[in-house]
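Those sequence lines, one after another, are chains A and B.
Our numbering numbers the first residue of the first sequence as 1 and each following residue consecutively.
Our numbering numbers the first residue of the second sequence as 1001 and each following residue consecutively.
Worksheet for the structure shown next.
There are 2 protein chains.
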Amino acid sequence: MPKEPSRLDERKRTILRAVVDEYVEHAEPVGSRSLVERYSLNLSSASVRSTLAELEQLGYLEQPHTSAGRVPTDRGYRIYIDELMELEPLPEETKEHIREQLRESIDEIPELLRQASGLLSQETGYVSLALQPRVASSVLRQIKLLMIEPGRVLVVLVLSAGVVRDRIVRIPDVLDQHQLQRIAAAIEQQLAGCQLRDISFIMMQLAAADSQVPESLLNQVLFETWTAIQQADQLAAYVDGMPNLLRHREFHSISRARDVVSALSSDGLLTGLMEPLRPAVGSSGHGGADAGALAERSAAVPWMVRIGQELQQEGLEDCSFVTTTYHLPEQLVGSIGVVGPRRMAYSRVISHISFVRQTIDHLLTWRSSRS
Amino acid sequence: MPKEPSRLDERKRTILRAVVDEYVEHAEPVGSRSLVERYSLNLSSASVRSTLAELEQLGYLEQPHTSAGRVPTDRGYRIYIDELMELEPLPEETKEHIREQLRESIDEIPELLRQASGLLSQETGYVSLALQPRVASSVLRQIKLLMIEPGRVLVVLVLSAGVVRDRIVRIPDVLDQHQLQRIAAAIEQQLAGCQLRDISFIMMQLAAADSQVPESLLNQVLFETWTAIQQADQLAAYVDGMPNLLRHREFHSISRARDVVSALSSDGLLTGLMEPLRPAVGSSGHGGADAGALAERSAAVPWMVRIGQELQQEGLEDCSFVTTTYHLPEQLVGSIGVVGPRRMAYSRVISHISFVRQTIDHLLTWRSSRS
DNA sequence: ATTGGCACTCTTTGAACTCGAGTGCCAGAG
DNA sequence: CTCTGGCACTCGAGTTCAAAGAGTGCCAAT
Chain A
1 MPKEPSRLDE RKRTILRAVV DEYVEHAEPV GSRSLVERYS LNLSSASVRS TLAELEQLGY
61 LEQPHTSAGR VPTDRGYRIY IDELMELEPL PEETKEHIRE QLRESIDEIP ELLRQASGLL
121 SQETGYVSLA LQPRVASSVL RQIKLLMIEP GRVLVVLVLS AGVVRDRIVR IPDVLDQHQL
181 QRIAAAIEQQ LAGCQLRDIS FIMMQLAAAD SQVPESLLNQ VLFETWTAIQ QADQLAAYVD
241 GMPNLLRHRE FHSISRARDV VSALSSDGLL TGLMEPLRPA VGSSGHGGAD AGALAERSAA
301 VPWMVRIGQE LQQEGLEDCS FVTTTYHLPE QLVGSIGVVG PRRMAYSRVI SHISFVRQTI
361 DHLLTWRSSR S
Chain B
1001 MPKEPSRLDE RKRTILRAVV DEYVEHAEPV GSRSLVERYS LNLSSASVRS TLAELEQLGY
1061 LEQPHTSAGR VPTDRGYRIY IDELMELEPL PEETKEHIRE QLRESIDEIP ELLRQASGLL
1121 SQETGYVSLA LQPRVASSVL RQIKLLMIEP GRVLVVLVLS AGVVRDRIVR IPDVLDQHQL
1181 QRIAAAIEQQ LAGCQLRDIS FIMMQLAAAD SQVPESLLNQ VLFETWTAIQ QADQLAAYVD
1241 GMPNLLRHRE FHSISRARDV VSALSSDGLL TGLMEPLRPA VGSSGHGGAD AGALAERSAA
1301 VPWMVRIGQE LQQEGLEDCS FVTTTYHLPE QLVGSIGVVG PRRMAYSRVI SHISFVRQTI
1361 DHLLTWRSSR S
C-alpha cells in the first residue's frame, strides 16, 4: 500500500506535532493555552481547543481525565513519527565523535557493539541495546583445535565476514595436538563453505573419517566440536544506560520501573523484541491493522519504531523501541536499538541510531581495506 | 587482636538478634510489643523497652523518630553478623541443584561465572556479581597467532590454570600463516612461564628476533600482540538479578534505586568494591576502628561483609555487599558477591555464597581429573 | 530486677475544603 | 462559515485539621 498521505489538514498536523513536541519535553498533559503561547499558531486557545477535541475524536490524543490537557496516544505517536516529525541532522562534531569512537574498536565485533551501545545511551539519554549478529546462516571458513592442556581443547571457528567464535571443550586426554590438527584440517577441508546450520554430526563424521584416529576417540572429539559449532549462534546482548531510564517520569512508580528493568535483563525477551525486524530489511508486509509497526519514510531509512501497546509486552506499555539493522559483509546482520519511555524524543533517537548504524555498516564494509 | 567476645550480656544479645531478624523480615521499625509476642522472651514489654534503650545507647540501634520502633544501625548489623546470627546449612537439595548447575559450565570460566551469578541472585533474591579473575599475575603458557583473513590475526593466549584469552588484531597483510607461526613459536619458546605483567615489548622483540621476518613487519606484529597480552587482564563483571533489588522497600524511592542501579552498571565502581578483599585471604589486619569491615568468624569462612557506610560510597548507604573469593589453580583468584539492601538476610546470603564459592573451588581444582 | 500503668510524642490516615488549570459550549463578530 | 471571548463546569492537587494508633520513657509498686 502506497503511503496514504493521511487525511489530516494542515492545522491538525501542526497542532498534533506541537502537542507531541510539548509533551515529550515537559512530560505533562498539554493544554490549549500553553500551545498558543509557545508555538506561534495564530489562533485563539478556543480554536485550538476545538482542534484538540477533533484530534481526540480521531484517536490521536487522549485526556487522562476531564479538565486535564491532552496526551498523545500510541496512534498519535505513530503518525507523528511517520509523517510529522522533522529529523534534524546530527551536528558534525557529534558525528565525528561517533565515528572516532567506533573506529577504535572495529576489529572486535563484541567490542564494537559495546561501544555503539555506550554511545547511543550516552547521546540519547535512554537505554540502548546491541545484539550480536546471528551466525547460524553464516559459513564456516576455518576451524582449529588447540590443545589447552591434556583433555581440554579450544575450538576456534572462523566464520563469514571474519567473525570468530571459540569455546573450550573436553576431550579424551590421550589425544595429542597432531591428531587434533589432522581432525581439524579434515573437517575444514570438507566443510569449509557450509552454513553452520547445515552442518550435521554425520557430515563431520564423514569428513574426518580418514584421520587415522581410533573411532571412539574420534567420535568424542567430533561430538564436542559439533556442539561447539551449534552453540556458536548464541545470542549476546549489550545493554547500556539503565540508570538513564529511571530519570524519566513514567518510571517513578517503581512497579513500572521494575517491569522495564526486568524486560531489559531478560535476554530472551530482548531478542524477541529485536528479532522480528530482521527479515524485513526491504520493508513492507507488516502485520495486522493496528499492530503494523514497521515505520519507514522510505526504503532508505530502515529503522523501526514500536510504540507502547505495539510491543505487545505486558509491562512495557509505557515504552518504545527504536531498532535498526547493521550489516556485516556476506549478509550477516545484527541489530541495535534504543529503549525509552513512550514519550521519547523520537527524532533525536532516530537520527542517532541511523547514523550509528550507517557508521558501523561503513566501517565493517571497508574494514579490510584500511591498513 | 583475638576476638573480643563483646561485652553484651545474654539478654542484650538475644534481643538485638531478635530485632535484626524481625526488621530484616518485615522492613519496619520493631517495637517492644512485637518482640515479646513473636519471640519467646520471658519478659514484659517494659523490660524489653529498657534493654532496647540500652542497645540504642550503645549504638546498635536507632529510632527513626521518637515513638517509632528501633532499627539496627550499621554497628548493629556488624555485631549481628560477627557474633549473633546463626548460619543455617543449606538444604541438601539446594546444594545438589547448585552443584549440578555449576558442573555443567565448568569448562568455560565466563560461563561458570554467569551461571554462579545467576544461581546466587535467584537463590537469595538479591543482586549478584561475579568478577573474572585478574590474570596480570598469571603465567603465559601458550601463544598462537591464527590468520583470520589477510591482515587480521587472532591472538590466542593460554595462561595459568588453562585460562584462555583471545583478541583480534590487525597486522600487515603481506605476512602469511607460516611466518606468524614462527613468530608465535619463538615467543612461546622464550616467554612461556613469564607472568603477563612482566612481559615487556623489548622482551618480545628479543624473543622473536631470529624469526626471519623483516624487522619493520615483525615489529608491527609484535606490538599488536603485546597489546593483546596487556589487555588480557581486562575486568569482566557479570551482574544478575537487578530487578530483584527494586522489590525491596528501601528502593521504592527511585532516587535510591537509581543510585544503586548506577553503581551496579559501573564496572569501575564494582571492581573497586570487590577488589579490596583480594589480598586478605588469610584474614586479619583490617583498617581503622569503624571502617574495619572484614568479617570472619574463623579463617575457615573467608567471606567479607560491607554494610552501608562501610562501603564509603555515596549513594550506597542503604546497601550491603557480601563478597568472597574463589580460587583457580595456580593462585588465580576472582570474586563473587551479593549486593542487597542493608536490611539483608545475611545468614541466608552468606550460606549460599559460601557454598557457591566452595563448589567453584572444588570443581576448578579437580577439573582436570574428571573425564 | 521486673512489671503494669500512664502520659507523651510523633506519624499516618482520611475527610473536608480550596485553588486552579483545563475543558466544552455558545453567542456574537468578522 | 470560521473564529473568538466568555462562562460554567469538572476534577485533581494541595492544605488543613482532627482523630487514631503505635511506640516510647518513666515511675511507683511488687
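No residue lacks a Cβ here, since even glycine has one placed at the ideal position from N, Cα and C.
Q. Leaving out five residues before and five after R1249 (chain B) in sequence, what residues of the same chain have Cβ atoms less than 7 Å from its Cβ?
A. A1027
- Query: Can you name the start and end residues of the beta strand (DSSP E) that Q1142 (chain B) belongs to?
  - Reply: 1140 to 1149
Note to self: For the stretch 1087 to 1111 of chain B, list every residue whose C-beta sits within 8 Å of some C-beta in chain A, in sequence order.
What the structure shows: D1107, E1108
(Q) At the 9 Å Cβ level, is L332 (chain A) part of the contact set with chain B, yes or no? (A) no
### Message
If you follow the alpha helix (DSSP H) that P1243 (chain B) is in, where does it begin and where does it stop?
### Response
1242 to 1245
Practice prompt. Could you say which of B:L1043, B:L1041, B:V1071, B:A1136 lies nearest to G1031 (chain B) if we only look at CA atoms?
Written response: B:V1071
- Query: Can we say the stretch 132 to 152 of chain A touches the stretch 308 to 325 of chain A, given the rule of at least three CB pairs closer than 8 Å?
  - Reply: no
Check whether the stretch 233 to 241 of chain A and the stretch 265 to 273 of chain A touch, using three or more Cβ-Cβ pairs below 8 Å as the test. yes
As a quick exercise: from B:L1217, B:L1191, B:A1209, pick the residue whose alpha carbon is nearest that of L1175 (chain B).
B:L1217
Worksheet item: Applying the criterion that 16 or more other CB atoms from any shown protein chain within 10 Å of the CB defines a buried residue, is Q177 (chain A) buried or exposed?
Response: exposed
Answer with buried or exposed for T51 (chain A), where buried requires no fewer than 16 other C-beta atoms within 10 angstroms of its C-beta. buried
In terms of residue numbering, what span does the alpha helix (DSSP H) encompassing Y1077 (chain B) cover?
-> 1074 to 1079
Please report whether the beta-carbon of F1321 (chain B) lies at a distance below 9 Å from any beta-carbon of chain A. no
Would the beta-carbon of L131 (chain A) fall within 9 Å of that of L180 (chain A)? no
Using the Cβ count rule (16 or more neighbours within 10 Å means buried), how would you classify I1350 (chain B)? buried
task = Could you tell me if I202 (chain A) is buried or exposed, where buried requires 16 or more neighbouring beta carbons within 10 angstroms of its beta carbon?
result = exposed
**Prompt:** Listing by chain order, which chain B residues have their CB less than 8 Å from the CB of E275 (chain A)?
**Reply:** The contacting residues do not exist; E275 (chain A) stays about 22 Å from chain B at best.
Check the Cβ-Cβ distances between H1252 (chain B) and every residue of chain A, and say whether any is below 9 Å. yes
Listed in chain order, which residues of the stretch 1117 to 1142 of chain B have Cβ atoms closer than 7 Å to some Cβ of chain A? none
Could you say which of B:V1221, B:Q1101, B:A1257 lies nearest to I1183 (chain B) if we only look at CA atoms? B:V1221
Quiz item: Which residues in chain B sit within 8 Å of R258 (chain A), going by Cβ to Cβ distance?
Solution: P1243, L1246, R1247
What residues from chain B crowd round L146 (chain A), counting only those whose CB sits closer than 9 Å? Q1142, K1144, L1146, V1156, V1158, V1164
Using the beta-carbon count (16 or more within 10 Å), is T66 (chain A) buried or exposed?
-> exposed
Cβ closer than 9 Å: which chain A residues qualify as neighbours of E1215 (chain B)? None at all; the shortest Cβ gap to chain A is about 18 Å.
Subject >> Rounded separation between I79 (chain A) and E310 (chain A) - CA only >> reply: 14 Å
ask   = Along the chain, which unbroken stretches of the beta strand (DSSP E) at least 3 residues long are found entirely within the stretch 1111 to 1196 of chain B?
value = 1127 to 1131, 1140 to 1149, 1152 to 1159, 1164 to 1170
**OP:** Within 10 angstroms of the Cβ of T1359 (chain B), are there 16 or more other Cβ atoms? Answer buried if so, exposed if not.
**Re:** buried
DSSP has I1106 (chain B) in a bridge; who is on the other side? According to DSSP, which records beta bridges pairwise, I1106 (chain B) is partnered with nothing at all.
Item to complete: Below 7 Å CB to CB, which residues in the same chain sit around L403 (chain A) once its five sequence neighbours on both sides are set aside?
Response: Summary: the structure shown does not reach residue 403 (chain A), with chain A confined to residues 1 through 371, and so no result is reported for it.
Within 7 Å of chain A by C-beta, residues of the stretch 1208 to 1239 of chain B in sequence order
none
### Task
Name, please, each residue of chain B whose Cβ falls closer than 7 Å to the Cβ of S265 (chain A).
M1242, P1243
Taking its Cβ as the centre, do 16 or more other Cβ atoms sit within 10 Å of N1244 (chain B), making it buried, or is it exposed? buried
Worksheet item: Can you tell me the Cα-Cα spacing of Q231 (chain A) and V169 (chain A), whole angstroms?
Response: 12 Å
key: Cβ separation of G1308 (chain B) and R1342 (chain B), assumed to be a contact under 8 Å, to the nearest whole Å   = 5 Å
CB-CB under 6 Å to A293 (chain A), same chain, minus the five flanking residues each way: which ones, in chain order?
At A293 (chain A), the pLDDT of 38 sits below 50, so the modelled position is not reliable and the matter cannot be decided from this model.
Here's the rule: buried if 16 or more other CB atoms are within 10 angstroms of the residue's CB, otherwise exposed. What is R258 (chain A)?
buried
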